[in-house]
Amino acid sequence: MWIEGEFVSDKLQEGIELIHQVENEKAIEIFKKVVDVDPQNPEVYRHLGLAYFNIGKYSKALESWNRCLDLDPQHHQTWWNLGQLHEVLGDFEKASFSYSKAATAAHDVQSKASRYEEWAKKTKRKIGKT
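Start counting at 1 in the sequence shown, then tack on 17, and there's your number in my numbering.
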């Protein structure tokens with residue numbers, strides 16, 4: 018019998034490994050099982066969104082990442098992922114906003130904050146803002 022925390026941890030890691038192996042559909046199935054057991058875990062929604070993003074299911078990625086941010090509004094990696102999504106979709110205003118939120122949320126991790134700020138500046142240039 019699995020202890021709930023061990024199941025979540027093991028399955029989350031399995032799903033992440035599947036993403037690295039470009040097995041996104043399999044990863045999605047794993048992450049859905051984790052959601053059934055632990056629906057309040059922001060990390061599973063972040064990775065579920067990434068798997069959806071990787072296969073071009075952008076509305077599902079957006080839904081997953083928004084759920085992650087509902088659970089953890091300061092999740093800087095998810096804000097960065099949203100920036101990537103909006104940039105791919107050509108919505109540079111939302112991309113810039115998301116990158117700025119990532120930079121703010123990552124204030125404790127200076128190197129990441131700097132990288133996110135560069136992405137925000139880059140997308141602002143695309144929309145004619147400096």
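Each residue gets a CB set at the ideal place from its N, CA and C atoms; glycine is no exception. Only a predicted model underlies this, so the values are computations on that prediction, with no experimental measurement involved.
Q.
For P56, count the other beta carbons within 10 Å of its own beta carbon; 16 or more makes it buried, fewer makes it exposed. Which is it?
A. Translated into the one-based positions of the sequence shown, residue 56 becomes position 39. Per the 10 Å Cβ criterion, exposed.
Q: Return the residue from the list I72, G107, V61, E110 that minimises the CA-CA distance to Q94.
A: The count along the sequence shown starts at 1 and reaches residue 94 at position 77. Considering only alpha carbons, the answer is V61.
Q.
I'd like the span of the alpha helix (DSSP H) that includes V61, first residue to last.
A. Position 44 of the sequence shown, counting from 1, holds the residue named residue 61. Unbroken alpha helix (DSSP H) run through V61: 59-71.
Q: Kindly indicate the opening and closing residues of the alpha helix (DSSP H) around K43.
A: Your numbering for residue 43 matches position 26 in the sequence shown. That run of the alpha helix (DSSP H) goes 41-54.
(Q) In this structure, how does DSSP classify I20 when only helix, strand and coil are distinguished? (A) Taking the first residue of the sequence shown as position 1, residue 20 is located at position 3. At I20 the pLDDT is 49, less than 50, meaning the model places this residue with poor confidence; the figure from the coordinates comes in the next sentence. Reduced to three states, the DSSP call for I20 is coil.
**Q.** Member of Q101, Q91, Q38 whose CA lies at the smallest distance from the CA of G66
**A.** Residue numbering aside, residue 66 sits at position 49 when the sequence shown is read from its first letter. Residue Q101 is the option with its Cα nearest to G66.
Q: Identify which residue in N58, P59, N71, E23 has its Cα closest to the Cα of Q38.
A: Here residue 38 corresponds to residue number 21 of the sequence shown, with the count starting at 1. Here the closest residue by C-alpha is N71.
Q. Would the beta-carbon of W96 fall within 8 Å of that of K111?
A. Translated into the one-based positions of the sequence shown, residue 96 becomes position 79. Translated into the one-based positions of the sequence shown, residue 111 becomes position 94. Cβ atoms of W96 and K111: not closer than 8 Å.
Q: Express the C-alpha separation of A44 and W82 in angstroms, rounding to a whole number.
A: Position 65 of the sequence shown, counted from the start, is the residue given in the question as residue 82. Position 27 of the sequence shown, counted from the start, is the residue given in the question as residue 44. Straight-line Cα distance between these residues: approximately 16 Å.
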